[in-house]
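K.L.:
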Amino acid sequence: MGASRSTYDPPLTLVPRGAHVTADARYHCTVAPGRTLPATGALEGESPNASCVTLGGARLTETVRYADGKRSLIVYDSGTTLRVTDAQIIRLTGRVTEGRGKGRPAQRTVFAGSAQLLTDCLSSGLRGSIGQAQLEVHP
């Protein structure tokens with residue numbers, strides 16, 4: 001679990017359209033029973049049907065760099081989004097394709113809010129969100 005900041009280009013509105021998505025996260029990862037490591041995540045990719053309510057069809061890649069020098073490359077190929085007023089829950093699922101955990105399924109859940117008003121979805125669009133991200137790499 002850790003802090004996450006996302007940006008959308010172009011900003012998200014109520015009308016689905018292609019958008020470039022980037023996110024940076026700082027995680028506290030459990031790598032063995034009783035052993036945690038800080039890690040950073042850099043996520044990037046495209047969502048062909050992005051809007052204020054969904055990141056439809058997103059294909060995103062995250063590089064996770066652990067404090068011990070190891071890394072994981074995760075490819076997310078499906079996701080769901082739930083928006084309740086000004087809060088959004090995004091769940092991405094995929095697989096570790098390189099590095100620590102290679103071949104294992106992965107899931108990234110983000111609990112995010114926006115510093116902008118939800119009514120911006122009707123006009124200029126949401127440029128980004130901030131929140132907490134939980135990354136799980138399953139055995």
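Counting from 1, position 64 in the sequence shown corresponds to residue 64 in the working numbering; the numbering is continuous, with no gaps. C-beta atoms are modelled at their ideal positions from N, C-alpha and C, and glycine is treated no differently.
If we ignore side chains and look at the alpha-carbon of each, how far apart do Thr109 and Thr81 end up?
P.N.:
Near 10 Å, if we compare the C-alpha coordinates of Thr81 and Thr109.
K.L.:
Within its chain, find whatever has a CB closer than 7 Å to the CB of His28; leave out the 5 residues flanking it on each side and keep chain order.
P.N.:
Around His28: Met1, Gly2, Thr36 and Pro38.
K.L.:
May I ask which residues mark the beginning and end of the beta strand (DSSP E) holding Gly41?
P.N.:
Run containing Gly41: Arg35 to Ala50, per the beta strand (DSSP E) assignment.
K.L.:
Quick check: the Cα distance between Thr7 and Gly128, rounded to an integer number of angstroms?
P.N.:
The straight-line gap from Cα to Cα measures roughly 4 Å.
K.L.:
Compute the distance between the beta-carbons of Leu12 and Ser51, then report whether it is under 7 Å.
P.N.:
A contact, by the Cβ cut-off of 7 Å.
K.L.:
Taking Gly45 as the reference, which of Val75, Gly34 and Val96 has the closest Cα?
P.N.:
Among Val75, Gly34 and Val96, the Cα nearest to that of Gly45 belongs to Val75.
K.L.:
When DSSP labels each residue in this structure, what does Ala120 get in the three-state scheme?
P.N.:
Note that residue 120 is Asp in the sequence shown, not Ala. Residue state, collapsed to three classes: helix.
K.L.:
Out of curiosity, what's the CA-to-CA distance linking Thr212 and Gly99?
P.N.:
No statement about residue 212 is possible, as the shown extent of the chain runs from 1 to 139 and does not include it.
K.L.:
Distance check for Tyr66 and His20, CA to CA, integer angstroms please.
P.N.:
Cα to Cα, His20 sits roughly 25 Å from Tyr66.
K.L.:
What is the DSSP secondary structure of His138, counted as helix, strand or coil?
P.N.:
Three-state DSSP puts His138 in coil, outside helix and strand.
K.L.:
By the three-class DSSP mapping on this structure, what secondary structure does Thr54 have?
P.N.:
Here Thr54 sits in coil by DSSP.
K.L.:
Whose C-alpha, out of Pro33, Glu136, Gly41 and Leu60, is nearest the C-alpha of Ala106?
P.N.:
Nearest C-alpha to Ala106: Glu136.
K.L.:
Starting from the C-beta of Leu43, find all residues in its chain whose C-beta is less than 6 Å away, skip the five residues before and the five after it, and write them out in chain order.
P.N.:
Ala23, Leu60 and Glu62.
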